[in-house]
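Residue numbers (our numbering): 20 to 301.
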Amino acid sequence: MRVPRALRRYGCGLALISALCAFQKPFRVYPGMEPYDNIPLPPDWQDQAEWVFGRLMYPQHPNARFGRYAHTFGSLFDWRNGFTSWTQDYPRADRHFAQAVRRLTRIHARSVEQPINLDDLDDVFNWPWLCAGEMGDWKLTDAQAAKLREYLLRGGFLMLDDYWGTSEWERFEESMQRVFPDRPIVEIDSGDAIFHTVYDLDDRYQIPGQWALRRGTTYRNDGEVPHWRGIYDDKGRVMVAMSFNSDVGDSWEWADDPRYPEKYSALGIRLGINYVVYAMTH
20 MRVPRALRRY
30 GCGLALISAL
40 CAFQKPFRVY
50 PGMEPYDNIP
60 LPPDWQDQAE
70 WVFGRLMYPQ
80 HPNARFGRYA
90 HTFGSLFDWR
100 NGFTSWTQDY
110 PRADRHFAQA
120 VRRLTRIHAR
130 SVEQPINLDD
140 LDDVFNWPWL
150 CAGEMGDWKL
160 TDAQAAKLRE
170 YLLRGGFLML
180 DDYWGTSEWE
190 RFEESMQRVF
200 PDRPIVEIDS
210 GDAIFHTVYD
220 LDDRYQIPGQ
230 WALRRGTTYR
240 NDGEVPHWRG
250 IYDDKGRVMV
260 AMSFNSDVGD
270 SWEWADDPRY
280 PEKYSALGIR
290 LGINYVVYAM
300 TH
């Protein structure tokens, strides 16, 4: 009996997916910085999916807000073991947002995130969508910067969030310049497709962290004005999307808390949905 060509292709596709999955790093959980109780794993956490929230791990900058702890206590605050700045909002924000992707799109999203270390050989290339927060705290090595540049030029997407004011921007830019010394960081125009892929987001406003609401202000340092910045590839596709002077991660993390205003979660979730669908279609 001859196997139809379409069926053969489908079988080959399944074999390729299985082969790729075999080389992916397994799901793992790290201790985070947030002061809430451990979050139980969803019952379907082992299910395969077409989209996964990739959480970028990174080394601490020695001059960052939390970097002094890593510098003082050494291996106790080794970024590779969690409990440093890359775990801010993790894993609660990641899992809340994955649920939003499931509810608001037809994308088959995995219920749990994937922490991704650029030093894990070529593992990053298995995860085409990455997010990172507290960007005033990162300090990439030259090897990590080169790996991230290759990942993005191959078609990967990176969302960067939760850094405020001049000093945090300068620390962020120190590593970003090593990733792309030849590509400018620009303000993304409101007419860009990334703001209109699913939701029309011409009205974008500062998204404060939960910490800011407790203090009665919407920002920290001199970060009063929100910016939506990006880095483009040679075809005009946004590779890196930056929410500078906002805390989109908190808008996901606290979306189920009645004390966190709905207007901020509404914008933060819509923004993230646009970034996911844009990354998968551009």
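Glycine is no exception: its CB is placed at the ideal position from the N, C-alpha and C atoms.
Along the alpha helix (DSSP H) that carries residue i, what are the first and last residues, could you check?
{"i": "residue 215", "result": "Premise fails: residue 215 is in no alpha helix (DSSP H) and is neither H nor E."}
{"i": "residue 60", "result": "Premise fails: residue 60 is in no alpha helix (DSSP H) and is neither H nor E."}
{"i": "residue 190", "result": "184-198"}
{"i": "residue 163", "result": "161-172"}
{"i": "residue 177", "result": "Segment 176-180 is the beta strand (DSSP E) holding residue 177; no alpha helix (DSSP H) there."}
{"i": "residue 304", "result": "Since the first residue of the chain shown is 20 and the last is 301, residue 304 is not available in this structure."}
{"i": "residue 229", "result": "229-234"}
{"i": "residue 271", "result": "267-272"}
Spatial neighbours of residue i within its chain, please: C-beta separation below 8 Å, excluding the five flanking residues on both sides.
{"i": "residue 293", "result": "213, 214, 215, 216, 217, 218 and 220"}
{"i": "residue 55", "result": "111"}
{"i": "residue 144", "result": "170, 173 and 175"}
{"i": "residue 276", "result": "229"}
{"i": "residue 255", "result": "none"}
If you follow the beta strand (DSSP E) that residue i is in, where does it begin and where does it stop?
{"i": "residue 116", "result": "Run containing residue 116: none in the beta strand (DSSP E); it sits in the alpha helix (DSSP H), 111-123."}
{"i": "residue 148", "result": "148-152"}
{"i": "residue 262", "result": "257-263"}
{"i": "residue 73", "result": "73-75"}
{"i": "residue 247", "result": "246-251"}
{"i": "residue 135", "result": "133-135"}
May I have the straight-line CA-CA distance separating residue i from residue j, to the nearest angstrom?
{"i": "residue 186", "j": "residue 193", "result": "11 Å"}
{"i": "residue 106", "j": "residue 234", "result": "22 Å"}
{"i": "residue 38", "j": "residue 288", "result": "Note on residue 38: pLDDT 42, under 50, position unreliable in the model; no value is reported."}
{"i": "residue 138", "j": "residue 184", "result": "29 Å"}
{"i": "residue 279", "j": "residue 155", "result": "24 Å"}
{"i": "residue 84", "j": "residue 118", "result": "31 Å"}
{"i": "residue 168", "j": "residue 252", "result": "11 Å"}
{"i": "residue 53", "j": "residue 299", "result": "30 Å"}
{"i": "residue 241", "j": "residue 65", "result": "43 Å"}
{"i": "residue 207", "j": "residue 245", "result": "12 Å"}
{"i": "residue 166", "j": "residue 150", "result": "16 Å"}
{"i": "residue 61", "j": "residue 291", "result": "21 Å"}
{"i": "residue 263", "j": "residue 103", "result": "20 Å"}
{"i": "residue 178", "j": "residue 96", "result": "25 Å"}
{"i": "residue 81", "j": "residue 265", "result": "23 Å"}
{"i": "residue 73", "j": "residue 236", "result": "30 Å"}
{"i": "residue 159", "j": "residue 191", "result": "10 Å"}
{"i": "residue 142", "j": "residue 162", "result": "14 Å"}
{"i": "residue 272", "j": "residue 195", "result": "26 Å"}
{"i": "residue 243", "j": "residue 281", "result": "21 Å"}
Would you say residue i reaches chain C, if we count a Cβ-Cβ gap shorter than 9 Å as a contact?
{"i": "residue 155", "result": "The structure shown has no chain C; it contains just one protein chain."}
Relative to the alpha-carbon of residue i, which residue among the options has its alpha-carbon at the smallest distance?
{"i": "residue 132", "options": "49, 208, 283 and 78", "result": "49"}
{"i": "residue 189", "options": "157, 161, 162 and 166", "result": "157"}
{"i": "residue 296", "options": "142, 80, 147 and 170", "result": "147"}
{"i": "residue 43", "options": "84, 140, 104 and 177", "result": "140"}
{"i": "residue 109", "options": "135, 127, 222 and 126", "result": "135"}
{"i": "residue 125", "options": "208, 70 and 265", "result": "70"}
{"i": "residue 301", "options": "162, 211 and 247", "result": "211"}
{"i": "residue 63", "options": "195, 76 and 46", "result": "46"}
{"i": "residue 152", "options": "75, 101 and 120", "result": "75"}
Using 8 Å for Cβ pairs, my map puts residue i next to residue j. What's the rounded Cβ distance?
{"i": "residue 231", "j": "residue 238", "result": "6 Å"}
{"i": "residue 268", "j": "residue 181", "result": "5 Å"}
{"i": "residue 58", "j": "residue 114", "result": "7 Å"}
Looking only at its own chain, which residues have a Cβ that is under 6 Å from the Cβ of residue i, when we skip the five neighbours before and after it?
{"i": "residue 270", "result": "226, 283, 284 and 287"}
{"i": "residue 98", "result": "78 and 79"}
{"i": "residue 68", "result": "127, 128 and 129"}
{"i": "residue 261", "result": "179 and 248"}
{"i": "residue 164", "result": "197 and 198"}
Among residues of its own chain, excluding the 5 on either side of residue i, which ones have a beta-carbon nearer than 7 Å to its beta-carbon?
{"i": "residue 250", "result": "199, 202, 204, 258 and 259"}
{"i": "residue 209", "result": "221"}
{"i": "residue 274", "result": "115, 284 and 288"}
{"i": "residue 120", "result": "70, 126, 128, 292 and 295"}
{"i": "residue 101", "result": "49, 50 and 51"}
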